[in-house]
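Just below is one structure, and these are the notes that go with it.
Protein chains: 4
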Amino acid sequence: MQPFDLVIRGGTVATATDSFKADVGIRGSRIAAIAEGLDRGKREIDARGKLVLPGGVDPHGHIEQLSASGKMNADTFESATTAAAFGGTTTVISFAAQHVGMSLKTVVDEYHEYAKRGAVTDYAFHMILADPREEVLEKEVPPLVKAGHSSLKVFMTYDRLKVDDEQLLNVLQAARDNRAMVCVHAENHGMISWMGKRLVKNGYIAPKFHSISHPRVCEPEAFQRLIACAALVDQPIMIFHVSTAEGAAVIRQARSTGQKIFAETCPQYLFMTKKDLDKPGLEGGKWMFSPPAREASDQEALWQALALGDLQIISSDHAPYAYDKSGKLMAGKKATFKQIPNGMPGYEARLPVVFDEMVSNGRFDVSKFVEWTSTNPAKIYGLYPKKGTLAIGSDADVAIWDPKKSVTFSDKTVKDRAGYTPWKGKTVKGWPVTVLLRGEVLVENNKLRGKPGSGEFLARKAGAAAEPLGRATLEFDPKRNFGAKLR
Amino acid sequence: MQPFDLVIRGGTVATATDSFKADVGIRGSRIAAIAEGLDRGKREIDARGKLVLPGGVDPHGHIEQLSASGKMNADTFESATTAAAFGGTTTVISFAAQHVGMSLKTVVDEYHEYAKRGAVTDYAFHMILADPREEVLEKEVPPLVKAGHSSLKVFMTYDRLKVDDEQLLNVLQAARDNRAMVCVHAENHGMISWMGKRLVKNGYIAPKFHSISHPRVCEPEAFQRLIACAALVDQPIMIFHVSTAEGAAVIRQARSTGQKIFAETCPQYLFMTKKDLDKPGLEGGKWMFSPPAREASDQEALWQALALGDLQIISSDHAPYAYDKSGKLMAGKKATFKQIPNGMPGYEARLPVVFDEMVSNGRFDVSKFVEWTSTNPAKIYGLYPKKGTLAIGSDADVAIWDPKKSVTFSDKTVKDRAGYTPWKGKTVKGWPVTVLLRGEVLVENNKLRGKPGSGEFLARKAGAAAEPLGRATLEFDPKRNFGAKLR
Amino acid sequence: MQPFDLVIRGGTVATATDSFKADVGIRGSRIAAIAEGLDRGKREIDARGKLVLPGGVDPHGHIEQLSASGKMNADTFESATTAAAFGGTTTVISFAAQHVGMSLKTVVDEYHEYAKRGAVTDYAFHMILADPREEVLEKEVPPLVKAGHSSLKVFMTYDRLKVDDEQLLNVLQAARDNRAMVCVHAENHGMISWMGKRLVKNGYIAPKFHSISHPRVCEPEAFQRLIACAALVDQPIMIFHVSTAEGAAVIRQARSTGQKIFAETCPQYLFMTKKDLDKPGLEGGKWMFSPPAREASDQEALWQALALGDLQIISSDHAPYAYDKSGKLMAGKKATFKQIPNGMPGYEARLPVVFDEMVSNGRFDVSKFVEWTSTNPAKIYGLYPKKGTLAIGSDADVAIWDPKKSVTFSDKTVKDRAGYTPWKGKTVKGWPVTVLLRGEVLVENNKLRGKPGSGEFLARKAGAAAEPLGRATLEFDPKRNFGAKLR
Amino acid sequence: MQPFDLVIRGGTVATATDSFKADVGIRGSRIAAIAEGLDRGKREIDARGKLVLPGGVDPHGHIEQLSASGKMNADTFESATTAAAFGGTTTVISFAAQHVGMSLKTVVDEYHEYAKRGAVTDYAFHMILADPREEVLEKEVPPLVKAGHSSLKVFMTYDRLKVDDEQLLNVLQAARDNRAMVCVHAENHGMISWMGKRLVKNGYIAPKFHSISHPRVCEPEAFQRLIACAALVDQPIMIFHVSTAEGAAVIRQARSTGQKIFAETCPQYLFMTKKDLDKPGLEGGKWMFSPPAREASDQEALWQALALGDLQIISSDHAPYAYDKSGKLMAGKKATFKQIPNGMPGYEARLPVVFDEMVSNGRFDVSKFVEWTSTNPAKIYGLYPKKGTLAIGSDADVAIWDPKKSVTFSDKTVKDRAGYTPWKGKTVKGWPVTVLLRGEVLVENNKLRGKPGSGEFLARKAGAAAEPLGRATLEFDPKRNFGAKLR
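Chains as they are written, first to last, in our numbering: chain D, 17 to 503; chain G, 17 to 503; chain Y, 17 to 503; chain E, 17 to 503.
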């Protein structure tokens, strides 16, 4: 047998299906062998007592992006992907965010520049469409999807970003024509705006009123509407950051009809509640994100929705804004909750907090952890089998977890540039002590070994979402509602 | 590296998650390596252009068993497992079938004798309880479960086998006390009996009236009742051979509440309809099984239920009865449909007909095929990771499929002893040309290489059903409804 | 204008639709005029400040009937209908109760004798079928239905009364053939038996364990099964005494499909909970009836089900057993809850306790009170328009309510022969101070004016249930499932 | 007894509950007696063989109103209410239609002028809010509701009329503050706009494409959103002109939760389908209204929804536009379907076409006919008991129907000013041959006896919708979502 550049020896290897003791042999950037008793490699990593998992794939994060209110978020690609790497994630999909009036092509080019300069993990882009005018959809989207940007994102809320139902239908149609996925932030804008104005008018301005300003029903309502639009166009969709039991129930119902609905949730919805916003002064702003965290009963409902396959992914929705004595992103001490930017850092903590609950606490097994945080995002977004698993020929993106290592989150050790962690004080058991990207060590001994710019862009194939769950429910149907009715 | 006893070279290896090109190295009875460019083994199998899959696990088949009407079915363990082996299946779970008045221990001992004498595949037993009297449940069941018989089966219909609701609750409670699974043939007995009598009384006696005598609603009704009983006891259940869209919908609804419901269907429900019973004379009897095959729209609903995870397994419900000029099991030419035994041979055809549709026709991918026919039955019934996957350390049970080989089913080539195949004339693409059991060749060049009795009994651990889908929904809850209410 | 025998002057007349001030003029036994300023009648009743309502129709009560355990209940027709009359009810439908082996004709004849001897209100019979053997269904049922006994009742629980699913289907089919209604006590017998045995075996024998022995799920399960059977036969059914929110939800769902389901509840389910059973010693037995009262949240769900039309009737399920120092029906001080007869007196209190909540407390208006307690039972069971309304030509059965009169229930004033009232100590506002039957005073000044035997038998027409809610959902469909499938 | 001004003699009187033979005695404008054998009145109407019903109440019609595209519809109050009167309707609620920028008070004043000038039936107004700006809601709405305009209407579609979700919430809140009902035209605007543009762009411009441009899902989607908004505010709503089975199912589901949802449908949805639009040239425009008529299966679903109480009213949505050789409202021969005004005449035909099916064809009984077309609209909109029934003291608004009279609709006999009837050629059995308004003859011998302006304005009380179906589900809840959450 040819020699290995690297052998990870004696660990417990896990995929979304199996876990077993084996050595992993790497040649160049790829996995070449999974076996008992491999010959010695040029380099060896002792993984005895450790879990050898595919590197995490985080498909939802905002990097070097303007907030909904027009201010830049805290991270650069360097800081953000460094945080991801320390948390065991080796691939991120962030956003190329168009605002009104912008050329989408220009936006994508700019984000390519940012990423090329700083990324230490591999990366790809969802293209945010805040201005889906005809020329953008007809001229810009097709070549960009072909160039590997096979997912579009739209917002149904936020004054400066939201699309109305007709625009949403246009985006869904453009996605269908180009076999791209459509990701959606789905909350009812009118309800949020109406509630916010009533609250502020009545003097309820503290951060904790943020959760009240997003009434629970704004989520299932928007899901219903989005799903109805997607049904009309017959286009697969990904519903971002599900936060409520009612929202999960809407998704389950729609999937029952065979509609191609995917969905994700995030650690903040699995571990936090609206009570986290209830802090003195401006500090609640640290836990301000949209949709807001809900109740403990929602957490249980979301775990169940994951177990039942209604949700397929746990992403981070990383969206850091610096917090200092002027509040979040210097919103100022007199800021109402409507003026504080929404979002919190998430890249680093995503996998450890989920591992702690799923694997260390035994809520699920390690294969489910791999499936929801790495394999499913890779498959759904067209990165698989290069990313998302430990298989012969796949990229040697590996996170070696020490299941016994305990870590307590602290503001002092954060790798991103938010300046704080919303998980401060939480102790988790299990940590990715060594992380490899394409066969090279990225993180080791709590040090970053990767170089800014060493991350690579991942062109993604279109139509991927059709595949993992079978043709029956998920392939693009060649007969459209529209055409069929005219016959 | 230590040498391999056998190397399967150059095939496409697939698990329930991945598929990739690799060699598979076997030492003794177990898989030792999955890799690129393995060193030459003592023996080599050329798998280029072929799919290298885990051997099938068929958890539902009747061997050397009395029919509901008290007559012996057609197969011995030798003929039945030979048929399974030729169809790519290396593990079967058949039944140890108690009838009224029998000792369960004696029954199990007898089936051990039968199997030891003839089996060429590995095997285990579900224990059928037709007489769940107190001594059986309290004295016999506990040691038998501990001895590896970790699943019980009951019938809700058939005059001589059925349990009533109170008996069903007793069985569920005994299973809960012993952490065993309960498998159920769930149809409403009263409806079937009532319809059958009315039909026969009115002269509707041909085999085709069998399907009418099992009205559709008898399935969802029984599922509802069974699920209510299981909820009362908080006991996981496996619903056998789902045949209707309404039945699948009941299961989906119950799973939505977090109840631990598993379910399977069979190729006859995915590919046949009630029209197959409509043949001249007695021939329809060949397609007589219960529940009967339904409509084309049910087939679509069942595929969708599989895709959505509501059903997890495709088993065969192998139950062969010899057919000759006196009809099925010599029922005689004047037999009404109520007198013809229910069941058809299924071991050999199960995997090829499903592979043909899922993989060759592209309805799903090969990983889903592996999951539903091998990995899921192994995990749910406590055979995993020894069986059900290709992983380092697992038994080297391998089916090597030639995806280009076309085979047409014919009565002349059947390996079981039914004397006919209900798939006669159907051509499938894809066939398991070489089959290994624990590292030894079982089938090769269309010849059986295994010896009668070379199959091994598999003692199964209890409580397995709790594990594959996570603690949240599936573990045995230590707090019982009953106790909780008394506090 | 011809003179009136009786004028009820100056009251507020109410029907299921309207309420308005008017005089009511009666000639002979029937209502002849509803008008302003009627001429003076031969007799006058001053109804100023009072409500003039149709006499109550109570379609569910047991009189001179053997309990499930074979003992006679407390009432005679005289005592029972006297209690009903004092409570504002002028028509009852009680039971002619067959036990196993009996001739139904003989049973009906006997109950005719009992009633003729004692009844002070008008009456009709539901025929209980505990032994629906072929000769009963084919020979006895048709002429009895033609003779005006147009409703059958079956029990799905109680050891000595229950029918199994096949018997249930036979009864439904016989009802369909004769256009009779089928009323059902629907609880899952196996669950109740199983729970009861486990409780008693573990020493939980006090009356309060009665409610635990009827687990909630035994109601929706039995409803589902009953509804499935009725769908198979395409036969309208009346589900008796709904007690749970889940049961009501099953009914609503089935009605959504257009199936002809009617249902009732009783005051004990609207005002009592399982806590009423929790009394020292044997006293809880006074509140022992089946199904048992449930939770406060079920009360709300049942009111809502009435408001939504899912339930159409509030009946009493009058079933009195004498209570003395030996306990209920002399069950004895060592009786387990399984040995205490089920049932409580209900004829007298039904209307006052419901009026108090609906009208005096304002939960609904007086028209809804009339609809659920008089008009709907009359329409559904074939007594309308003779009974159940105040319309020209209808029987002058009138209850004149004083909405300001307060009455506190006491054991001392009960008119039936149970010897106690389960409503003891409850004060209601509103009481039927004068009651007329066919134009004659039945109760006045707290005195009975009717004579034993003055009540008349009411022959009821078959097929009535088809009418009140329209052909679309409720008429007997001439095409049967069974025949249709054979074509 | 005092003499009667008018006696309707010998007919069959029907209310929403009862029907029976009786004479009806009228004094002045009100009903004074319903009885057998009334003394002779000053005037007599022979009603033998006829049905004596309350005059119809039609709560949905557009009179002297600008269309969505800004053009005046065909009718004046004189022509419109004349058509209504000939069809047996004695009360209409039409619209006072604000457009953007207008003062609501001014609009209402103008409609008062129009109506006073011409109406021959009694009338009231729903106030359409196309511009619910703060001053309108806070300054104008409260006094107008107090003045008897206790219902608001909004559109969720039409470019010039629609409100967005935030405006909708503001209207719902204003209604709640003033205890007014909110009526809604609920269709998803984005879907309709998107489909319309795609159709026109592709050359699909004929009238028949109108139905395709309103995809089915645009109705249940809008219902879901509207219901979610109403739930947030806890405000009762009336959903106008339900057209689809899916829409009806959404309503049923929402009512199951206890939410205060009322709904209506119209004859066009019960008797027409989208095929009626498929006529040569511009003629399909005659059947162009929104939502469009759907399929035969929807008709069945709507009848069932009425039977189940999910819908409570059959209104006309009278909205006539003149049709001549230049097409509908002179849209011109080259008009695309987007340029043709939506609406058809409906006042005259509403009751006869519904009577024909419900009563003459026997689908339901006459009481249901009265309930859905007269009693329920009167109760829900605050006109009861003055209107909507035949009770002592109610207005003597009476329609005397000859159930044997057959009439064939023809363009030549239409009373409104559309110039055509969409029911042309249809023959109905049953016709209101004599119509009374407040005791005066309005129509007789096919002649109008009323004078323009003799109709009276009906000030309606607020909060009425709480009453007919009981406090439990329908009263205005004093605890608001909003306030509750802040505690």
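The beta-carbon is built from N, C-alpha and C at its ideal position, and this holds for glycine as well.
In this text, all values refer to a predicted model and were calculated from it rather than measured experimentally.
- For Y/A478 against Y/G398, the beta-carbon gap comes to about 7 Å, under 8 Å, which counts as contact.
- In this structure, the beta-carbon distance from E/D39 to E/R56 does not fall below 8 Å.
- A Cβ of chain G is located within less than 8 Å of the beta carbon of Y/M207.
- A distance of 8 Å or more separates the beta carbons of G/K467 and G/V108.
- For G/A49, the pairing in a beta bridge is given by DSSP as D/A51, G/G41.
- With respect to the 8 Å criterion, Y/S45 and Y/G455 are classified as neighbours on the basis of their beta carbons.
- In the DSSP assignment, G/A394 falls within the unbroken alpha helix (DSSP H) covering 392-396.
- Nearest Cα to D/T391 within the set D/S95, D/T31, D/A270: D/T31.
- At least one beta carbon of chain Y lies nearer than 8 Å to the beta carbon of E/S272.
- Interface criterion met: the Cβ of E/R241 is under 8 Å from a Cβ in chain D.
- Within the same chain, and ignoring the five residues on either side of D/Y139 in sequence, the residues whose Cβ sits closer than 8 Å to its Cβ are F93, T97, T107, V108, I109, S110, A131, G471, E472, F473, L474.
- Within the DSSP bridge table, the entry for D/P361 names no partner.
- For G/Y139, there is no enclosing alpha helix (DSSP H); the residue is part of the beta strand (DSSP E) that begins and ends at 138-144.
- When the beta-carbon positions are compared, E/S332 and E/E203 stay at least 8 Å from each other.
- Distance from the CA atom of D/N461 to the CA atom of D/D314, rounded to whole angstroms, is 37 Å.
- By the rule that beta-carbons nearer than 8 Å mark a contact, D/I253 does not touch chain G.
- Assignment of Y/C282 by DSSP, reduced to helix, strand and coil, places it in the coil class.
- G/A415 is positioned such that its CB atom lies closer than 8 Å to that of G/P448.
- D/M288 and D/A317 have their alpha carbons spaced roughly 13 Å apart.
- The residue from D/A321, D/H78, D/M88 with its alpha-carbon nearest to that of D/W388 is D/A321.
- In this structure, DSSP gives D/P159 a helical state, which the three-state scheme calls helix.
- Within the segment 306-338 of chain E, no run of beta strand (DSSP E) at least 3 residues long lies entirely inside it.
- The contact set of E/D372 on chain Y, defined by CB atoms closer than 9 Å, is empty, because the minimum CB distance reaches about 14 Å.
- Considering only beta carbons, the part of the segment 407-429 of chain Y lying closer than 7 Å to chain E consists of A407, I408, G409, in chain order.
- With respect to chain Y, the C-beta atom of E/L327 has no partner C-beta closer than 8 Å.
- Following the DSSP letters along the chain, one finds D/P231 in no alpha helix (DSSP H), marked with neither H nor E.
- If you draw a straight line from the Cα of Y/G469 to the Cα of Y/G134, it is about 5 Å long.
- For G/V161, the closest of G/K121, G/F225, G/I228, G/I253 by C-alpha to C-alpha distance is G/K121.
- In the DSSP assignment, the residues bridged to Y/C199 are Y/K169, Y/M254.
- Taking all protein chains in view, the Cβ of G/E182 is crowded by 16 or more other Cβ atoms within 10 Å, so the residue is classified as buried.
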